[in-house]
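Report on the structure given below.
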Amino acid sequence: MSSSVSRLVSSVCKKIIKPYSPTPISLRCHKLSYLDQMVGGIYIPMAFFYPKLSNTWSNKPNNVVSQHLEKSLSKVLTNYYPFAGKLNDNISIDCNDSGVEFFITKIDCPMSEIFNHTYFEKHNLVYPTEVINNQYTYEGSLAVFQLTHFSCGGIAISMCLSHKVGDGYTFNNFMNHWATMARNPLSSEIYPISPKFDGSFYFPPTKDEDSSNVSNNNIVPQREECVSKGFSISSSKLTALKARVINESKVQNPSDTEVVSAFLYQRAMATKKLVNSSSIRPSLLHQAVNLRPPLPKHTMGNIGSLFSILTKEEKEMDLAQVVSKLRKEKEEVKQKYKNAKIEELLPITLEQYRKANDLLVNNSCYDLYRFSSLITFPSYDVDFGWGKPEKVISPLSTSNPPIKNMFVLMDDKNRDGVNLTCSMKKQDMLAFERDEELLRFASPTS
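Heads up, the sequence shown is in UniProt numbering, so the first residue is 1 and it goes up one at a time.
Pasting the structure below:
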């Protein structure tokens, strides 16, 4: 973070929030699943922005807002007890109720100023500095929170979650569970998806003595210096892209994720070709897949798989053709898991990763593009009692994203368009963000 940006922070307070009720001895040792062991310890950041608080909260002092969040956070951590524990090598989490870090900051600028900068220069202000600057190596609590007060009266609530304890689905389920508890502190309302940390039942951990050897570079690659950029695709533009696909392929009901992923992949390959002044380079698209269902919705942790498509020639870059490939691979993956027995889940998942790695190596792929879709996740339902968020920013919306050629898709606030964030090497981004075909359908948001 530059000195001019960091000077906007006028105060920082740190607290430790512990679970309201002690974790039972029977749950003290949370075994990591094989998939938990595979992913790196990178922290997933997301932030939720609320304009000047309305109704009964409009005249409440800042400390009352903080106390409201702290009390409900303590209660919800009773259900998400691994978040408040300590990682034991790459084997388990000691759920010792040591707590989570909770930062409170004041920033001397209005909320709107955060969004008006190229490459998200000021977004880092709403996250704990040490976490966002050390996403791969941070050694604090497994979940870290920050409440940010802006000079306009608005606030931001952010969480950085270690990938070791959960994926994007886990993150969103937690935030909505926390918000429900904050909104109804005296109610007996039961959150519809109460968590179970039983991923190791479905994906048994390795029996190797050295569990640190369980890794896969296709999941969490090495950190690289990148920049990120946000775009939005409106409902009308999304409809136009879908119409093109329907008219030119046999896919009759293309999903938002399929169409937007294919379009971005196509444009990224096209602009990379210009940067290198060469013909198309063999490229691979990785699409992350949430496995709930067929697995239960209440299962937390890393419960996912992936599928990949290969592009080697320019004639394969056609949008409808890319969508058709994505649909074919997705349907094949769904069928593999649909009737799988529990003991077959891990072998099927590992085979998906092996298949992707073979495609990458055997075809001498130059570029790997990773896609993760949070579309349909209830990010804009996170209401702590003062209304739903005005804006939610994705895990890549920082000034120093650590992963190259990564794309995260989210619903927009109205649920009829798509917000997307991408991270690339700076020279690639300069070409990508100026691509005329991209800009016909996607509007820059940063």
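Cβ atoms here follow ideal geometry from the backbone N, Cα and C, with glycine treated the same way.
For residue 63, the enclosing alpha helix (DSSP H) begins and ends at 62-77.
Assignment of beta-bridge partners to residue 372 by DSSP yields 408. With a contact defined as Cβ atoms closer than 8 Å, residue 412 and residue 405 miss out at about 23 Å.
In the DSSP assignment, residue 131 falls within the unbroken alpha helix (DSSP H) covering 129-133.
By the neighbour-count criterion, in which 16 or more other beta carbons inside 10 Å mark a residue as buried, residue 239 falls on the exposed side. Contact between residue 16 and residue 101 is confirmed by a C-beta separation of about 6 Å, below the 8 Å threshold. Every beta strand (DSSP E) of 3 residues or more that sits fully in the segment 251-310 is shown, in chain order, as 283-290. Taking the C-beta atoms as reference points, residue 359 is found no nearer than 8 Å to residue 245. The C-alpha of residue 30 is placed about 13 Å away from the C-alpha of residue 195.
By the C-beta density criterion, residue 81 is buried, having at least 16 other C-beta atoms within 10 angstroms. Counted as a single uninterrupted DSSP element, the beta strand (DSSP E) harbouring residue 230 occupies residues 227-233. In the three-state reduction of the DSSP assignment, residue 30 falls in the strand class. When secondary structure is reduced to three states using DSSP, residue 103 falls in the strand class. Cβ atoms of residue 260 and residue 431 stay farther apart than 8 Å, at about 19 Å.
Annotated three-state conformation of residue 392 is strand, per DSSP.
Of all alpha-carbon atoms in 445, 45, 232 and 346, the one lying nearest the alpha-carbon of residue 138 is that of 45. Residue burial is scored here from C-beta neighbours: residue 13 has fewer than 16 other C-beta atoms within 10 angstroms and is therefore classed as exposed. As the crow flies, the alpha-carbon of residue 345 is around 15 Å from that of residue 301.
For residue 367, the three-state secondary structure derived from DSSP is strand.
A straight line joining the alpha-carbon of residue 95 with that of residue 84 spans about 7 Å.
Residues of the same chain with their beta carbon placed closer than 7 Å to that of residue 184 are lacking, with the five preceding and five following residues left out of the count. Close CB contacts of residue 317 within its chain, under the 8 Å cut and outside five residues either way in sequence, are with 266, 269, 270, 280 and 311 (chain order). For residue 361, the enclosing alpha helix (DSSP H) starts and ends at 342-362. For residue 26, the closest alpha carbon among the candidates 197, 234, 389 and 258 is that of 197. Going by beta carbons, residue 48 and residue 154 fall outside the 8 Å limit.
Apart from sequence neighbours up to five positions away, the residues of its chain that approach residue 330 with a beta-carbon distance below 7 Å are 307, ordered along the chain. Non-local beta-carbon contacts of residue 125 in its own chain, meaning distances under 6 Å to residues more than five positions away in sequence, involve 107 in chain order.
Three or more Cβ pairs closer than 8 Å define a contact, and the segment 164-180 falls short of that threshold against the segment 434-445.
Setting aside the 5 residues that flank it on each side, residue 53 is surrounded in the same chain by 386, each with a C-beta closer than 6 Å to its C-beta; the list follows chain order. Under the DSSP assignment, residue 88 falls in the beta strand (DSSP E) whose first and last residues are 86-88. In the DSSP secondary-structure assignment, residue 94 is bridged to 29 and 86.
A direct Cα-Cα distance of roughly 14 Å separates residue 314 from residue 365. Rounded to whole angstroms, the Cβ separation of residue 326 and residue 287 is 7 Å, and the two are in contact under 8 Å. Among the bridge pairs identified by DSSP, residue 162 is matched with 43. In this structure, residue 147 keeps its C-beta atom at 8 Å or more from the C-beta atom of residue 165. A straight line joining the alpha-carbon of residue 444 with that of residue 231 spans about 4 Å.
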